[in-house]
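All letters in the sequence shown, in the order written, are residues 1 to 273 by my numbering. Cβ coordinates follow ideal geometry from the N, Cα and C atoms, glycine included. Predicted, not measured: the structure shown is a model, and the values here were computed from it. Notes follow once the structure below has been shown.
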Amino acid sequence: METSTFELTPALDAEIERAAAALLEARSVVALTGAGLSVESGIPPFRGPGGLWTKHGEPPLDGYQRFLRDPAAAWRERLHPSEGWARALHETLGRARPNAGHRALAALEATGVLEALITQNVDDLHRKAGSKHLLEIHGNFSLLRCLDCHSRYEPAAIPVDEANLPPRCPGCGGVIKGDTVQFGEPIPPDVLRDCYAAVERCDCMLVIGTTATVYPAAEFPLEVLRRRGQVIEVNPYPSELTPAVTLSLAGPGGTLLPRLLHHVERRNAGDPG
Ligand SMILES: [Zn+2]
1 METSTFELTP ALDAEIERAA AALLEARSVV ALTGAGLSVE SGIPPFRGPG GLWTKHGEPP
61 LDGYQRFLRD PAAAWRERLH PSEGWARALH ETLGRARPNA GHRALAALEA TGVLEALITQ
121 NVDDLHRKAG SKHLLEIHGN FSLLRCLDCH SRYEPAAIPV DEANLPPRCP GCGGVIKGDT
181 VQFGEPIPPD VLRDCYAAVE RCDCMLVIGT TATVYPAAEF PLEVLRRRGQ VIEVNPYPSE
241 LTPAVTLSLA GPGGTLLPRL LHHVERRNAG DPG
């Protein structure tokens, strides 16, 4: 959806004000974001019309098992991709920039309103926007990860010798892999543990640009609702979650989240109107 053509109606703005009040009254606010927020930064979805995989072919469904069987071969493919989808993905992600929605979430964290941000996106845009307590359940395409100790590394920190693949973890000697979680790969246990801890504290969850139908993200808002917490959805389109949420804000995150931040800041400043 083009954020520039979206019109913020007075009725929707009143709903956003209610959401701002809910955030400020909550003990612990956690955000959960998905592909919808990335689409607004020009990253096409994977599936559907114009999707990266639709156009360039799908990655193998046993990608992680292939990696484990032959990490050196997987690394050669990573360094010299032969698959169209892999090249297209890296070019698209490398070009993408955070949008106003990413920046508003980072600002909500900086003002102390948002405690943690769980994302299904691998595009690094939350980190680029300045988010700190970031839980990337599907990893981050721009980082590397040790399969043994789960340390993350910037690629520049790991020397890659093509005659001696795969590279090894400087900390523990374990095999280094791209941080992006592949098909067949479990969610990194450290991230999953931190997600469950954040969700357990959370009494108000912002769900943005995701239909939240994929495990484990699908569980998080449902768990908050089960404990009588509030769930506020920000999505241009209705999702399976919409009928269950406390408040549904229908529109793109790039437009609605800056407005939410505006109302939070105004209330924080003690301005009633
Ligand atoms: Zn390690």
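For I16, the enclosing alpha helix (DSSP H) starts and ends at 10-25. A19 is a Cβ neighbour of L249, given a cutoff of 8 Å. Within the same chain, Cβ atoms closer than 8 Å to the Cβ of L135 are found at A116, L117, I118, T119, V191, D194, C195, A198, the five residues on either side in sequence being excluded.
With respect to the 8 Å criterion, V231 and V245 are classified as neighbours on the basis of their beta carbons. In the three-state reduction of the DSSP assignment, Q65 falls in the helix class. Listed in chain order, the alpha helix (DSSP H) runs fully inside the segment 217-269 are 219-226, 253-268, counting runs of at least 4 residues. Closest by C-alpha distance to R127, out of P238, A163, P45, T33, is T33. Judged by their CB atoms, A96 and I16 are not nearer to each other than the 8 Å cut-off. Relative to ligand 1, the beta carbon of D179 is positioned no closer than 7 Å to any heavy atom. The beta carbons of G57 and G84 sit about 6 Å from each other, so the pair counts as a contact at 8 Å. For G174, the shortest separation between its Cβ and any heavy atom of ligand 1 lies below 7 Å. Per DSSP, the unbroken alpha helix (DSSP H) holding E77 starts and ends at 71-79. For the pair of segments examined, the segment 61-80 was found to touch the segment 166-184: the number of CB pairs separated by less than 8 Å reaches three. Looking at the DSSP output, Y153 bridges to L144. Q182 and A110 have their C-alpha atoms some 32 Å from each other.
Of the residues assessed, P221 falls on the buried side of the cut-off, its CB having 16 or more other CB atoms within 10 angstroms.
Take the alpha-carbon of A104 and the one of L257: they are about 6 Å apart.
For K177, the enclosing beta strand (DSSP E) stretches over residues 176-178. Counting other Cβ atoms within 10 Å of its Cβ, G229 reaches 16 or more and is therefore classed as buried.
Close CB contacts of R66 within its chain, under the 7 Å cut and outside five residues either way in sequence, are with P60, A74 (chain order). Annotation for T33: the continuous beta strand (DSSP E) segment containing it runs 29-33. For V39 and P45, the gap between their C-alpha atoms comes out near 7 Å. The DSSP-derived three-state label of R168 is strand. Checking the 7 Å criterion, the Cβ of D13 is out of range of every heavy atom belonging to ligand 1.
Membership of A116 in the beta strand (DSSP E) is indicated by the continuous run 114-119. Counting of Cβ neighbours within 10 angstroms places C202 among the buried residues, the total reaching 16 or more. Assignment of V181 by DSSP, reduced to helix, strand and coil, places it in the coil class. By the Cβ-count criterion, L144 is buried, with 16 or more other Cβ atoms from all chains shown falling within 10 Å of its own Cβ.
Ligand 1 never approaches D161 closely enough for any of its heavy atoms to be under 7 Å from the residue's Cβ.
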